[in-house]
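Read left to right, the sequence shown gives residues 16 to 208 (the working numbering).
Worksheet: the structure to be examined is printed underneath.
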Amino acid sequence: MKQFNNKTINNKGFTLVEMLIVISVVSVLSAGVIIFSGINRASIALLQEQYKVINELNQAKALTLQFFDRDVFDSSGDCGYGVHFDTAKNSVLIYKNEKVTHSESCNSTSTHSFLYDASNEIRSKFELTSPVQMVLPDFTDIVFVAPNAKAYMVNSSGSLVLSPPSGYYQVILTAGENSRSIKINNYGQISEF
Numbered sequence: 016m017k018q019f020n021n022k023t024i025n026n027k028g029f030t031l032v033e034m035l036i037v038i039s040v041v042s043v044l045s046a047g048v049i050i051f052s053g054i055n056r057a058s059i060a061l062l063q064e065q066y067k068v069i070n071e072l073n074q075a076k077a078l079t080l081q082f083f084d085r086d087v088f089d090s091s092g093d094c095g096y097g098v099h100f101d102t103a104k105n106s107v108l109i110y111k112n113e114k115v116t117h118s119e120s121c122n123s124t125s126t127h128s129f130l131y132d133a134s135n136e137i138r139s140k141f142e143l144t145s146p147v148q149m150v151l152p153d154f155t156d157i158v159f160v161a162p163n164a165k166a167y168m169v170n171s172s173g174s175l176v177l178s179p180p181s182g183y184y185q186v187i188l189t190a191g192e193n194s195r196s197i198k199i200n201n202y203g204q205i206s207e208f
């Protein structure tokens, strides 16, 4: 009778095929996370900047609502606040809009210059963070005029546009392939898309 050795063989560890499968699965998952986090980072930056711009618009509107109906003999000369969009510097600022002369009424939109210039008092300013960029169709400023904070657009030639051509003014923010828009109607209502 033959006696067999009762040695049990303990195969501890992984085979080469198992190791290759684990490494390939981990590599695919890691690549997906890295790619998704880069795309997600741009989307988050875009949303953050959109809310900053909306906040600036709302702040200018709220500051304008603090004014009451300005009369011809008003001594302060303040008509409201505007938001200036500088695409070259990728910045947004709130400025106090003042009448050219104290004999004008704020409601006389035909003679009043609403365009931002260096003499306007700046209330706040910020620059959009990279990679977010602004796209403005044909205007540089949105102004809110007292007493009811109606919104007007100042086009790139400095002329005041009393009613938006499409029913609203639109600011578009882009980051790569993603874009978000902010729409402002003539009555000062601000909405995001």
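Ideal placement from N, C-alpha and C gives every residue a C-beta, glycine not left out.
- Residues K165, A166, S178 and P179 of the same chain have their beta carbon placed closer than 7 Å to that of N201, with the five preceding and five following residues left out of the count.
- Rounded to the nearest angstrom, the gap between the Cα atoms of F129 and N193 is 32 Å.
- Per the coordinates, the alpha-carbon of T79 lies some 6 Å from the alpha-carbon of Y96.
- For S194, the three-state secondary structure derived from DSSP is strand.
- Burial check for F154: the Cβ neighbour count within 10 Å reaches 16 or more, so the residue is buried.
- Rounded to the nearest whole angstrom, the CA to CA distance from V107 to V41 is 44 Å.
- For K111, DSSP records a beta bridge to Y96.
- Around the beta carbon of Q65, 16 or more other beta carbons lie within 10 angstroms, which makes this residue buried.
- Bridge pairing for V176: M168 [DSSP].
- Cβ-Cβ distances below 6 Å link Q148 to T189 in the same chain, with the five nearest sequence neighbours on each side left out; the list follows chain order.
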